[in-house]
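So the structure is just underneath, and the comments pick up after that.
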Amino acid sequence: MAETLFHCDDALWQRFVALCRDRDETPGAVLRDLVRLEVKRNAARKAKSDEVIDERLLVRLRLLVAEALAEAESWSTLQAALRLRGLRFVASGGGLVLTDLATGKPLAKSSDVGPAYLALVRRFGAGFPGHPRPGLAAQALRPPAPPSDVRGSAGGQAR
Numbered sequence: 001m002a003e004t005l006f007h008c009d010d011a012l013w014q015r016f017v018a019l020c021r022d023r024d025e026t027p028g029a030v031l032r033d034l035v036r037l038e039v040k041r042n043a044a045r046k047a048k049s050d051e052v053i054d055e056r057l058l059v060r061l062r063l064l065v066a067e068a069l070a071e072a073e074s075w076s077t078l079q080a081a082l083r084l085r086g087l088r089f090v091a092s093g094g095g096l097v098l099t100d101l102a103t104g105k106p107l108a109k110s111s112d113v114g115p116a117y118l119a120l121v122r123r124f125g126a127g128f129p130g131h132p133r134p135g136l137a138a139q140a141l142r143p144p145a146p147p148s149d150v151r152g153s154a155g156g157q158a159r
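Numbering-wise (full-length UniProt numbering), the sequence shown opens with residue 1 and increments by one.
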């Protein structure tokens, strides 16, 4: 274990030592926990910032997807149009992810660059080929139930 010396205000250090004594912990143990928590917090924040998509990339991807959608009449023609642009949709969870055709690297969720999966299902009249959750498409394509014809007063009695 590394030994570290640091400077601290005397009054602050005395309050810290008293706090540690009240908790029945050594100042060293508390400081090690604080260092561990700070390193973990920083790593989590870094990981989250790495996930944020570059806004310029997102704008470009939206344009490419919009161009492909303008040509598409089905899932196969959409995928063909995306392939011409070096992209493709891949099923993921309850939706789709736009990926780089050459590397397979995920770039964005379909809803981040264009219509969400269920909107595309309704547009093409079918679920994405091989999607792991076909029930989502079936539900999206189900016609809405007609409104019930309830007559009478608010109490439910006919007049």
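Cβ atoms here follow ideal geometry from the backbone N, Cα and C, with glycine treated the same way.
Query                                                                                                                                 : Result
For ALA43 and CYS20, what's the separation of their Cα atoms in angstroms?                                                            : 27 Å
Could you tell me which whole beta strand (DSSP E) segments of length 3 or greater appear in the stretch 69-109?                      : 87-92, 95-100, 106-109
GLY135 to ARG32, Cα distance in whole Å?                                                                                              : 50 Å
Mapping the DSSP letters down to three states, classify ALA126 as helix, strand or coil.                                              : coil
Give the range of the alpha helix (DSSP H) segment to which PRO134 is assigned.                                                       : 134-141
Go through its chain and collect everything with a Cβ distance to PRO146's Cβ below 7 Å, but skip five positions before and after it. : none
For the alpha helix (DSSP H) containing ALA18, name the first residue and the last one.                                               : 10-22
So, is HIS131 buried or exposed, given that buried needs 16 or more other C-beta atoms within 10 angstroms?                           : buried
Report the CB separation of LEU37 from ALA108 in whole angstroms; it is logged as a contact under 8 Å.                                : With a Cβ gap of about 32 Å, LEU37 and ALA108 do not count as contacting.
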